[in-house]
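Novice: Sharing a structure, written as structure tokens. Questions coming.
Residue numbers (our numbering): 2 to 402.
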């Protein structure tokens with residue numbers, strides 16, 4: 002068998018010439034990067050776990066009441082990431098998430114999940130696919146006549162799990178969400194955060210590979226919101242489940258998301274890593290979301306979603322020290338934890354007046370902002386600017402003095 006470069010051992014078979022691996026769980030064909038399952042639907046050659054291609058969604062099409070909820074959406078979401086979709090009410094967020102789990106069908110375009118075109122699924126194939134997509138709701142949607150444990154059991158009963166195995170699974174899930182001690186409590190006896198933990202456990206019941214979160218924290222107080230977000234982050238890291246969450250709050254995005262899409266009036270205005278959108282928002286709507294998250298008016302120095310704003314009169318001033326510039330400094334990553342301002346003052350003949358500042362974490366990335374006034378001779382201010390840019394600090398307004 003040497004001519005086919007085949008190696009066989011007690012663990013299985015490897016055919017190097019075909020780059021094919023076969024084991025007891027199925028088959029992967031790497032050279033085509035194609036996954037085909039037996040649950041129905043058409044497979045696609047794609048690395049993205051979720052792909053929306055030119056998706057449009059119209060309600061009441063062809064009538065005077067026609068509403069374009071989504072207008073040509075192109076979006077790729079990778080397996081294992083936490084992806085956020087942010088937008089104000091009416092932006093199309095809920096419609097988008099209902100297309101992903103095929104509760105709605107697109108008017109035009111395609112929605113692919115796990116290599117399967119969702120629009121091609123019907124009957125049992127669609128039901129099996131949906132079982133692998135967990136849903137977390139804003140208002141919990143618990144059955145009030147059932148205890149916490151029985152609520153988690155419910156989808157397992159529908160899926161036909163044996164009673165003993167289903168009960169064991171439900172207990173394990175309540176343990177994951179730190180609610181084992183409340184397994185016999187009815188929803189009326191649970192707090193908002195506890196209800197959502199039951200909802201998350203229920204969403205995990207059928208061992209999904211995708212969780213959809215529909216404004217899951219908007220009905221909770223800030224502390225409980227943080228607790229629920231930490232739980233979702235832990236689930237993502239320990240179980241490797243892809244999470245897509247929709248929200249109107251940038252603070253939710255910054256806590257746990259890897260990437261974000263900014264949706265406005267059915268159009269994706271911007272997609273990128275959360276750190277990049279915070280540091281350099283490109284669209285007017287993204288700038289407003291970032292401004293709200295930072296609670297800083299100087300984010301809107303030049304443009305907001307409501308139109309242009311005049312630059313502060315103190316951006317360029319003549320003082321006894323020479324000239325003064327007002328800058329907004331943005332620190333992303335390692336540079337946010339360095340004494341950059343101290344080093345700047347030591348190395349350059351400028352004076353720094355700090356007007357306001359903030360540092361936070363965007364998931365695992367340090368992120369800081371400072372609004373400062375820099376005073377001195379023009380040439381020293383220019384040197385100070387070049388120094389900051391060389392250290393990786395982003396300066397607004399951009400450009401040379």
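Using N, Cα and C, we set each Cβ at its ideal position, and we do this for glycine too.
(1) Short of 6 Å in beta carbon distance, which residues of its chain neighbour residue 177, apart from the five on each side in sequence? Order them along the chain.
(2) Starting from the Cα of residue 341, find the closest Cα among 377, 385, 326, 362 and give me that residue.
(3) Helix, strand or coil for residue 275 per DSSP?
(4) Which residue from 212, 250, 155, 108 puts its Cα closest to that of residue 87?
(5) Looking only at C-alpha atoms, which of 49, 84, 82, 111 sits nearest to residue 58?
(6) Quickly, what does DSSP pair residue 84 with across the bridge? List them, please.
(7) Determine the contact status of residue 83 and residue 234, defining contact as a CB-CB distance below 9 Å.
(8) State the start and end residues of the unbroken alpha helix (DSSP H) segment that holds residue 287.
(9) Where does residue 190 land, buried or exposed, given buried means 16+ other C-beta within 10 angstroms?
(10) Taking C-alpha atoms, which residue in 271, 352, 109, 377 lies nearest to residue 77?
(11) Quick one: what does DSSP say residue 121 is sitting in, helix, strand or coil?
(12) For residue 69, which beta-bridge partners are listed by DSSP?
(13) When you compare the CB positions of residue 346 and residue 355, do they come within less than 9 Å of one another, or not?
(14) Are the beta-carbon atoms belonging to residue 364 and residue 208 less than 9 Å from one another?
(15) Nearest CA to the CA of residue 135: which residue from 246, 194, 219?
(16) So the beta strand (DSSP E) residue 109 belongs to, where does it begin and stop?
(17) Taking only three categories from DSSP, how would you classify residue 128?
(18) Taking 8 Å as the limit between beta carbons, can you name the residues of its chain near residue 55, skipping five residues before and five after?
(19) Are residue 323 and residue 382 close, meaning C-beta to C-beta below 9 Å?
(20) Ignore the nearest five residues each way along the sequence and tell me which others in residue 49's own chain have a CB closer than 7 Å to its CB.
(21) Is DSSP giving residue 397 helix, strand or coil here?
(22) How would you label residue 437, buried or exposed, when you count the other beta carbons within 10 angstroms and need 16 or more for buried?
(23) Which first and last residues belong to the beta strand (DSSP E) in which residue 367 is found?
(24) What did DSSP end up calling residue 178 once you bin it into helix, strand or coil?
(25) Could you check if residue 171 is buried or exposed, using at least 16 other CB atoms within 10 Å of its CB as the buried criterion?
(26) What residue does the beta strand (DSSP E) around residue 354 start on, and which one ends it?
(27) Once DSSP output is grouped into helix, strand and coil, what is the label at residue 54?
(28) May I ask you to verify whether the stretch 235-244 touches the stretch 151-166, counting CB pairs closer than 8 Å and requiring at least 3?
(29) My understanding is that residue 204 touches residue 149, with C-beta atoms under 8 Å, so please give their C-beta distance in whole angstroms.
(30) According to DSSP, is residue 386 helix, strand or coil?
(31) Among residues of its own chain, excluding the 5 on either side of residue 280, which ones have a beta-carbon nearer than 6 Å to its beta-carbon?
Specialist: Reading it off the structure:
(1) Closer than 6 Å at Cβ, skipping near neighbours: no residue.
(2) 385
(3) The answer is helix: DSSP assigns residue 275 an H, G or I state.
(4) 250
(5) 111
(6) 245, 260
(7) yes
(8) 285-295
(9) exposed
(10) 271
(11) helix
(12) 59, per the DSSP bridge assignment.
(13) no
(14) no
(15) It is 246 whose Cα lies nearest to the Cα of residue 135.
(16) 109-114
(17) In the three-state reduction of the DSSP assignment, residue 128 falls in the helix class.
(18) Same-chain partners within the cutoff: 73, 74, 75, 109, 110, 111.
(19) yes
(20) 77, 78, 79
(21) strand
(22) Look at the range of the chain in this structure, 2 to 402, and you will see that residue 437 is not part of it.
(23) Segment 366-377, the beta strand (DSSP E) holding residue 367.
(24) coil
(25) When all chains shown are included, residue 171 counts as buried.
(26) 352-363
(27) strand
(28) no
(29) So it is not a contact: roughly 14 Å between Cβ atoms.
(30) helix
(31) Closer than 6 Å at the Cβ level, and outside the excluded window around residue 280, lie 331, 333, 395.
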